[in-house]
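Enquirer: For the sequence shown, the numbering used here begins at 3 and goes up steadily by one.
Cβ coordinates follow ideal geometry from the N, Cα and C atoms, glycine included.
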Amino acid sequence: MEADGHLETGKQLEQSAKILSHNPETHVKAIVELVFGAAHHYAAFGLQTRYGEHSDKHNQILGLLRKHGDLDISASFEAIDSLRAGRFYGRRGNADAAEQCMEYLLVIKQWCTQS
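What follows is the structure, encoded as structure tokens:
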């Protein structure tokens, strides 16, 4: 996927998560999954536009971010992934997870869209 495709997909997934966020307790698992997807696409956009690095695989994003010294961004991505695993594979549900994910996503989004 080209950089612009990553950015557009990230925006679409984020928008879907925001719609579901009106009822976070009911939709927390879906919200966290959507935010994780958006984070992946935003990070892929940022890596491609900043460093010419391209990855369509989420398991490569952390390594590429660390390689370039973007430790705050890799920490935000990792935090979303951790919250995702706790909701998707576990039985944890609290709506605070959805809000936390959106906060981490904002960090990644701001990083990827800064010049």
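Got a sec, what are the start and stop residues for the alpha helix (DSSP H) G48 sits in?
Expert: Reading the sequence shown from its first residue, position 46 is the one you call residue 48. Unbroken alpha helix (DSSP H) run through G48: 26 to 53.
Enquirer: Would you say the segment 78 to 89 touches the segment 27 to 37, given that touching needs at least three Cβ pairs under 8 Å?
Expert: As far as the Cβ criterion goes, the segment 78 to 89 touches the segment 27 to 37, which means the pair count is three or higher.
Enquirer: Kindly give me the distance between the Cβ atoms of I63 and A45, rounded to whole angstroms, as I take these residues to be in contact under 8 Å.
Expert: The residue given as residue 63 occupies position 61 in the sequence shown. The residue given as residue 45 occupies position 43 in the sequence shown. Right, their Cβ atoms sit about 5 Å apart.
Enquirer: Taking only three categories from DSSP, how would you classify M3?
Expert: Along the sequence shown, read from residue 1 onward, the residue named residue 3 stands at position 1. DSSP places M3 in coil when its eight states are reduced to three.
Enquirer: Report the CB separation of D72 from V109 in whole angstroms; it is logged as a contact under 8 Å.
Expert: Along the sequence shown, read from residue 1 onward, the residue named residue 72 stands at position 70. Along the sequence shown, read from residue 1 onward, the residue named residue 109 stands at position 107. That belief does not hold up - the Cβ atoms of D72 and V109 are roughly 11 Å apart, past 8 Å.
Enquirer: Would H56 and G12 qualify as a contact pair, given that the criterion is a beta-carbon distance under 8 Å?
Expert: For the purposes of this step, residue 56 is taken as the residue at position 54 of the sequence shown. For the purposes of this step, residue 12 is taken as the residue at position 10 of the sequence shown. No; because the gap between Cβ atoms is not below 8 Å, this pair is not in contact.
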